[in-house]
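Note sheet for the following structure.
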Ligand code: 0O2
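Residue numbers (my numbering): 1 to 222.
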């Protein structure tokens with residue numbers, strides 16, 4: 001039986017690429033952690049000052065290597081670290097789920113106006129939902145990360161949404177995945193209707209919340 005000779009140079013090159021990729025992903029992980037800390041401080045301070053917590057939950061994710069490769073192919077860009085850094089801005093993602101739409105915008109304002117945050121892009125899918133009904137407020141921001149070699153700006157996608165929007169998006173994502181993107185037309189239609197219903201529910205819940213607050217204030221003042 002013949003054996004294939006080990007190509008040491010190729011192995012060394014592959015290891016170097018793996019190390020580069022790990023370093024590349026680590027920068028995004030640090031950026032994500034900076035954003036998580038900022039959101040967590042906002043939540044704690046807001047709760048302390050206003051006796052009200054506007055955030056229901058926060059989740060974060062790093063895009064998987066497969067997800068990055070898939071997006072590189074979909075966008076038709078060079079598989080080069082500098083190009084990926086420039087063109088793919090959602091490698092690090094933080095999702096902030098709020099109770100009400102006003103909280104979504106309030107949190108967005110408090111977060112994006114911080115001095116060390118640079119807003120690269122805002123996509124307001126609440127003001128203008130996607131055709132399928134998807135609603136969310138997206139901000140691509142750059143946050144400085146301080147490494148031993150100096151500070152580097154790291155892009156992070158921060159999605160702000162309500163519980164109802166989150167509920168819808170997670171079901172839509174599952175259905176999309178289940179049908180490998182080819183969702184039957186009647187389900188697409190039902191999902192769009194459900195997104196409208198979720199939008200309605202957000203309005204009603206916020207009205208209810210305001211009414212309850214007003215009644216409570218009147219009782220306290222009386
Ligand atoms: P995952 O699983 O969250 O990583 P771009 O090429 O970046 O300019 P893109 O990616 O369409 O265009 O940007 P967009 O519209 O801002 O969407 C980015 C993210 O928003 C998605 O990330 C989803 O998390 C979410 N999103 C956008 N549209 C939809 C939708 O119709 N349904 C659901 N459920 N989520 C949506 P990823 O990388 O696709 O997915």
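Beta carbons: idealized from backbone N, C-alpha and C, even for Gly.
Which residue marks the beginning of the alpha helix (DSSP H) containing residue i, and which one marks its end?
i           : result
residue 12  : 8-50
residue 196 : 185-221
residue 75  : 65-75
residue 148 : First-last for residue 148: undefined, no H or E at that position.
residue 102 : 101-112
residue 174 : 163-178
residue 124 : No alpha helix (DSSP H) contains residue 124, which is instead part of the beta strand (DSSP E) from 118-124.
Shorter than 7 Å, the distance from the beta carbon of residue i to the closest heavy atom of ligand 1, or not?
i           : result
residue 189 : no
residue 53  : no
residue 31  : no
residue 70  : no
residue 169 : yes
residue 199 : no
residue 63  : yes
residue 181 : no
residue 78  : no
residue 159 : yes
residue 130 : yes
residue 124 : no
residue 177 : no
residue 90  : yes
residue 172 : yes
Tell me which residues share the same chain as residue i and place their Cβ nearer than 7 Å to its Cβ, disregarding the 5 neighbours each side in the sequence.
i           : result
residue 112 : 119, 139 and 141
residue 32  : 60, 62, 92, 94 and 156
residue 170 : none
In the DSSP assignment, the beta strand (DSSP E) including residue i goes from what residue to what residue?
i           : result
residue 225 : This structure does not reach residue 225, given that the chain is present from 1 up to 222, and the question cannot be answered.
What is the C-beta distance between residue i and residue j, in whole angstroms, given that I count them as a contact (C-beta under 8 Å)?
i           : j           : result
residue 29  : residue 143 : Not really, about 12 Å apart at Cβ, beyond 8 Å.
residue 101 : residue 192 : Actually they are not in contact, since the Cβ atoms of residue 101 and residue 192 sit about 19 Å apart, beyond 8 Å.
residue 136 : residue 167 : That pair is no contact at about 12 Å.
residue 20  : residue 108 : So it is not a contact: roughly 34 Å between Cβ atoms.
residue 195 : residue 125 : The Cβ separation is near 10 Å, so there is no contact.
residue 55  : residue 74  : Incorrect: roughly 32 Å between the Cβ atoms, too far for contact.
residue 132 : residue 172 : 7 Å
To which residues of the same chain is residue i closer than 8 Å at the C-beta, ignoring the five residues directly before and after it?
i           : result
residue 151 : 144 and 145
residue 176 : 183
residue 233 : What the structure shows of the chain is the stretch from 1 to 222, and residue 233 is not part of that stretch, so it cannot be assessed.
residue 115 : none
residue 206 : 100, 101 and 102
residue 233 : This structure cannot settle anything about residue 233, because the visible part of the chain is limited to 1 through 222.
Short of 6 Å in beta carbon distance, which residues of its chain neighbour residue i, apart from the five on each side in sequence? Order them along the chain.
i           : result
residue 47  : 53
residue 72  : 79
residue 77  : 83 and 87
residue 121 : 140
residue 70  : none
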